[in-house]
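Peer 1: Please read through the structure below; I'll follow up with questions.
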Amino acid sequence: MKITDLKCTVLGSNPVIRITTDEGISGLGEVEASKHYLKPHIMFYKDFIVGEDPTDVERVMMRIRKGGSFKPWGSSVSAIEMALWDIAGKAAGLPVYKLLGGKIRDKVRVYNGGVRYPMDGNSPDAYAANMERMKASPEGFTIIKQGIAFHSGMPSAFPDYFYGEVQPGRFARTSGVLTERGLKYTVDCVQAMKDALGDEVGLALDCGPGLTVPDALKLAKAVEPLNVMWLEDMITGDYVPYVLADLYRDVTQSTSTPIHTGEQIYLRQNFKDLIEKRAVDVIGPDPCDIGGIAELKWVAEYADLHGILMAPHGVLDGLIGLAALVQVSATLPQNYIAFEYPVGNPKWWYDIVEGLPDPIVEDGFITVWDTPGMGVELNEEATRQYLPEGDEDFFD
Ligand SMILES: [Mg+2]
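Quick note: to get the numbering used here, add 55 to the position in the sequence shown (first position is 1).
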């Protein structure tokens, strides 16, 4: 079998790729909804993969892997890897999880990072009320994540939250020392959310990046009695193109609150320090950023050897990305906690993707399906109306 073409379109704001072959089998991959601009980077790889056998996934990846980097630049390589596994599974007549070594669980736990309701202000009561709505959502999530500190509106909404200024723009980094009032307010909000959830549903908190090491430790110690699932990306993380594992280690080794990072990291080599130094308790690679699902599985196995837990990121990965998360999470070792459940946006995504269970999430779990490949397809007729001008040949 040989690859004949690589195509890319943007559906909603998720870049979607399609790899075609000379045997009529094609594979799909997806990029986070925040990266609508990535199409030229994806298409750059076409000449490197056409003519290769897509079922030799690793050999194809060796041709392109060096071209990726930390978020957002690992996405193109990751989407291609997913599509190759999709083809390999279809060619073998097997779900992708079988090719990754087989599943060790029939249903995978997901956590809520994407089913959101509008906040009514920024008070602790508003955080609690919002958490109660999420707790009541029909998916029955057993873990819910909320943004706080620099991963939220707190620095802008709360007067004198920190000794610094909020920096404008998506790629700017707001960072600084929290005021005592800012720290107390943050902890009050966490306490209110915990009171709303009780001990039935776990609370995870996405916190930065941007906290200083002393503030990260103060926050972690302040919430120790609350048994939160984890504090995510306090120091570095989301879109930060480096890790600073030693700083995380200082915090992690001084608190019983689990510390989490890793969503922006590309490739196993860049997890080496975090894992070998036991710098965090939980890592959260995203299959759409780390370099693909086999890369994520490799890192999970290595983390497991070091007593580090897995909670893969995924909120913006879309419904094809969801399928990839289900396939790989079914195979992860017992350090697996849950992956972050991606939602389709706009809602018509649910009309164009076939193969997902209905409902997708029940009691906080997704049942692993057995369809060959990733097990999801785009319905061509339903999708056509959403193809941007110029991409009419996406299904050819
Ligand atoms: Mg995050």
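Note that CB positions come from ideal geometry on N, CA and C, so glycine has one too.
Which class does Ser81 belong to by DSSP, given the choice of helix, strand or coil?
Peer 2: Strand, per DSSP.
Peer 1: Considering only heavy atoms of ligand 1, does any lie closer than 7 Å to the CB of His368?
Peer 2: Because some heavy atom of ligand 1 lies under 7 Å away, the Cβ of His368 counts as near it: yes.
Peer 1: Please state whether DSSP places Ile74 in a helix, a strand or coil.
Peer 2: If DSSP states are grouped into helix, strand and coil, Ile74 belongs with the strands.
Peer 1: With C-beta atoms as the reference, is Lys158 less than 8 Å away from Tyr152?
Peer 2: Against a cut-off of 8 Å, the Cβ pair of Tyr152 and Lys158 comes out as a contact.
Peer 1: Can you grab the Cα-Cα spacing for the pair Ala358 / Pro342, in whole Å?
Peer 2: Roughly 15 Å separates the two Cα atoms.
Peer 1: Please report the distance separating the alpha-carbon of Ser230 from that of Asp215.
Peer 2: Looking at the two C-alpha atoms, the distance is approximately 13 Å.
Peer 1: Between the alpha carbons of Glu432 and Glu409, how many angstroms are there, rounded?
Peer 2: Cα-Cα distance, rounded: 5 Å.
Peer 1: Spatial neighbours of Tyr297 within its chain, please: CB distance less than 8 Å, with the 5 preceding and 5 following residues excluded, ordered by chain position.
Peer 2: Closer than 8 Å at Cβ, skipping near neighbours: Phe125, Thr291.
Peer 1: Using only the alpha-carbon positions, how far apart do Val398 and Asn434 sit?
Peer 2: Cα-Cα distance, rounded: 18 Å.
Peer 1: Going by the CB atoms, is the gap between Met137 and Gly84 shorter than 8 Å?
Peer 2: In this structure, Met137 lies closer than 8 Å to Gly84 by Cβ.
Peer 1: Roughly how many angstroms lie between the CA atoms of Gln382 and Met98, to the nearest whole one?
Peer 2: Approximately 25 Å between the Cα atoms of the pair.
Peer 1: Hey, would you say the C-beta of Glu318 is under 7 Å away from at least one heavy atom of ligand 2?
Peer 2: Summarising the ligand content, the structure contains ligand 1 and does not contain ligand 2.
Peer 1: Quick check: does the Cβ of Glu87 come within less than 7 Å of any heavy atom belonging to ligand 1?
Peer 2: Checking the Cβ of Glu87 against ligand 1 gives no.
Peer 1: For Ile375 versus Val71, is the C-beta distance shorter than 8 Å?
Peer 2: Against a cut-off of 8 Å, the Cβ pair of Val71 and Ile375 comes out as a contact.
Peer 1: Just to confirm my understanding: we take Tyr321, look at its own chain, exclude 5 residues before and 5 after, and list those with CB closer than 7 Å. What are they?
Peer 2: Counting only Cβ-Cβ distances below 7 Å, and skipping sequence neighbours, we find Gly123, Ser124, Phe125, Gly129, Asp344, Ile345, Gly346.
Peer 1: Beta carbon of Asp261: closer than 7 Å to some heavy atom of ligand 1?
Peer 2: Asp261 Cβ: within cutoff of ligand 1.
Peer 1: By Cβ distance below 7 Å, which residues in the same chain neighbour Lys276 in space, the five residues on each side in sequence not counted?
Peer 2: Taken in chain order, the residues that qualify are Thr310.
Peer 1: Within the continuous alpha helix (DSSP H) that includes Lys200, where are the two ends?
Peer 2: Lys200 -> not in any alpha helix (DSSP H); beta strand (DSSP E) instead, spanning 198 to 202.
Peer 1: How about Gly376: is its Cβ closer than 7 Å to a heavy atom in ligand 1?
Peer 2: For ligand 1, not one heavy atom lies less than 7 Å from the Cβ of Gly376.
Peer 1: Are the CB atoms of Ala259 and Glu287 within a distance shorter than 8 Å?
Peer 2: In this structure, Ala259 lies closer than 8 Å to Glu287 by Cβ.
Peer 1: Report buried or exposed for Ala349, applying the criterion of at least 16 other Cβ atoms within 10 angstroms of its Cβ.
Peer 2: Buried, because 16 or more other Cβ atoms sit within 10 Å of the Cβ of Ala349.
Peer 1: Using 8 Å as the threshold, is the segment 191 to 207 in touch with the segment 260 to 268, meaning 3 or more CB pairs across them?
Peer 2: These segments touch.
Peer 1: Hey, does Ile320 have any beta-carbon neighbour from chain C nearer than 8 Å?
Peer 2: No chain C appears in the structure shown, which is made up of a single protein chain.
Peer 1: Between Ala143 and the rest of its own chain, which residues show a CB-CB distance below 7 Å, the 5 nearest in sequence each way excluded?
Peer 2: Answer for Ala143: Pro109, Thr110, Val112, Leu154, listed in chain order.
Peer 1: Quick one: grab the DSSP three-state call for Phe205.
Peer 2: Note: Phe205 maps to helix in three-state DSSP.
Peer 1: Check whether the Cβ of Asp418 lies closer than 7 Å to any heavy atom of ligand 1, and answer yes or no.
Peer 2: No; taking the cut-off as 7 Å, the Cβ of Asp418 has no heavy atom of ligand 1 nearer than that.
Peer 1: Verify whether the separation of the beta carbon atoms of Val370 and Gly106 is less than 8 Å.
Peer 2: No, these two residues do not count as a Cβ contact at 8 Å.
Peer 1: Give the secondary structure of Asn185 by DSSP, where H, G and I count as helix, E and B as strand, and everything else as coil.
Peer 2: In the structure shown, Asn185 sits in a helix (DSSP, three-state: H, G or I).
Peer 1: Taking the alpha carbon of Tyr441 as the point to measure from, which residue in Trp424, Asp425, Val423, Asp406 has its own alpha carbon closest?
Peer 2: With distances taken between Cα atoms, Tyr441 lies closest to Asp406.
Peer 1: Note the first and the last residue of the continuous beta strand (DSSP E) segment covering Ala227.
Peer 2: First-last for Ala227: undefined, no H or E at that position.
Peer 1: Need the endpoints of the alpha helix (DSSP H) that Leu139 sits in, please.
Peer 2: Leu139 -> alpha helix (DSSP H) spans 130 to 147.
Peer 1: Tell me which residues share the same chain as Thr312 and place their Cβ nearer than 7 Å to its Cβ, disregarding the 5 neighbours each side in the sequence.
Peer 2: So the list reads Ala275, Val278, Glu279, Val283, Leu286, once near-sequence residues are dropped.
Peer 1: For Thr234, which option in Val306, Gly219, Phe394 has the closest C-alpha, if you only look at C-alpha atoms?
Peer 2: Of the candidates Val306, Gly219, Phe394, the one whose C-alpha sits nearest the C-alpha of Thr234 is Gly219.
Peer 1: Can you look up Arg171 in the DSSP assignment and give me helix, strand or coil?
Peer 2: Arg171: coil per DSSP, three-state reduction.
Peer 1: Could you pull the start and end residues of the alpha helix (DSSP H) that Met307 belongs to?
Peer 2: Met is not the amino acid found at residue 307; the sequence shown has Thr there. 300 to 307 is the span of the alpha helix (DSSP H), which, as asked, contains Thr307.
Peer 1: Please say whether Leu149 and Pro127 have beta carbons closer to each other than 8 Å?
Peer 2: Going by C-beta atoms, Pro127 is not nearer than 8 Å to Leu149.
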